[in-house]
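I have placed the structure first, in the form of structure tokens, so that the comments after it can refer back to it.
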Amino acid sequence: MQFTNALAVAASLITAVSGAAVPQLITRQNNGTTNGTAPGLPADAKFQLMALRSASEVHFSIFQAAKSSIFLQLPNQNATCDSTEDDDSATFYLNQDDGGLYLYAASATPQQLYADRSGMGQGKLGYTTGAQPAPRNGERTGWKVDQYGDLTLDGSSFLACPNSIEGSWSVWISSGVANPAGNTDCLGIAVRAVQITDPNSCSYTS
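Per mature numbering (1 follows the signal peptide of the UniProt record, and there is no 0): the sequence shown = residues -19 to -1, 1 to 187.
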């Protein structure tokens, strides 16, 4: 896997991030270039997602997928992957045809992300498998990786909440609720897409 080198490069280029507890957009990351911009990802790019929140436990943590949800620092996501070299991080891609954000797998069974920003969902971030429908208020489109490499959903950034399963952090979309679903001590995070040149095809647990 080429991610280790990519992460090292990304980490060396990213400056500190700060923000309020419930940001719509975390302060823009400067990647070390003179104008603070970066080339956009290729349309067919496969990438991993890195949480950015300086001076926090989750800074530079990589997104994981398990049990139809998204986590940081999960001890084992128990995915079934072609390679076991890097099977504890999730790989994503944006589908240019339908605008959806998907987990990468070479198989024909898609696993697609959704977010529920309704009053009931409070920013729930998860994924469906195969023909499984999204929740009633689930949004599947609106994802964008901007010229800085930051992922958002219709301009909304992310939250990370501690004390999830096995000591991990659960990941949510910011929906105006500081601590969704009864969580406490959630942090606003920026999410950086880091392109993977040799992606690992995985099927993630549902």
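Note that beta-carbon positions come from the ideal geometry of N, C-alpha and C, so glycine has one too. Source: prediction; values computed, not measured.
Using DSSP with H/G/I as helix, E/B as strand and the rest coil, what is residue i?
i	result
I146	helix
A174	strand
A96	strand
A162	helix
V152	strand
M31	strand
S42	coil
K48	coil
D131	strand
G119	strand
S137	strand
T90	coil
L55	coil
T109	strand
T65	coil
L168	strand
Y83	strand
G17	For G17, the predicted structure reports a pLDDT of 32, less than 50, and the residue's modelled location is therefore unreliable. A value from the coordinates is still provided. Coil.
Y74	strand
S182	coil
Is it true that the CB of residue j sits closer than 8 angstroms to the CB of residue i?
i	j	result
Y108	L75	no
V152	L106	yes
N144	D67	no
Q45	I177	no
V119	Y95	Checking the sequence shown, residue 119 turns out to be Gly, not Val. In this structure, Y95 lies closer than 8 angstroms to G119 by Cβ.
K27	T65	no
G123	V158	no
L168	S49	no
A47	T165	no
P116	G100	no
How long is the line joining the alpha carbons of residue i and residue j, rounded to whole angstroms?
i	j	result
A87	A162	34 angstroms
P56	V39	14 angstroms
P23	A141	27 angstroms
N59	R121	24 angstroms
Q92	R98	20 angstroms
Q35	L53	The amino acid occupying residue 35 in the given sequence is Ser; Gln does not appear at that position. So the alpha carbons of these two residues sit roughly 15 angstroms apart.
L82	G130	15 angstroms
C62	N160	33 angstroms
F41	D78	30 angstroms
A174	G136	15 angstroms
State the CB to CB distance for the pair residue i and residue j, rounded to an integer number of angstroms; the pair is presumed to be in contact (CB under 8 angstroms).
i	j	result
T90	S184	7 angstroms
A32	I170	5 angstroms
I51	S70	In fact, because the Cβ distance is near 12 angstroms, the residues do not count as touching under 8 angstroms.
L132	V126	5 angstroms
When you measure from the CB of residue i to every non-hydrogen atom of the ligand GTP, does any distance come out below 7 angstroms?
i	result
A115	For the structure depicted, the ligand GTP is absent and the ligand set is empty, with no information on it obtainable.
How about residue i: is its C-beta nearer than 8 angstroms to some C-beta of chain B?
i	result
Q92	In the structure shown, chain B cannot be found, because there is only a single protein chain.
**Message:** Taking 8 angstroms as the cut-off, does the stretch 139 to 153 touch the stretch 107 to 121 (at least 3 CB pairs, one atom from each stretch)?
**Reply:** no
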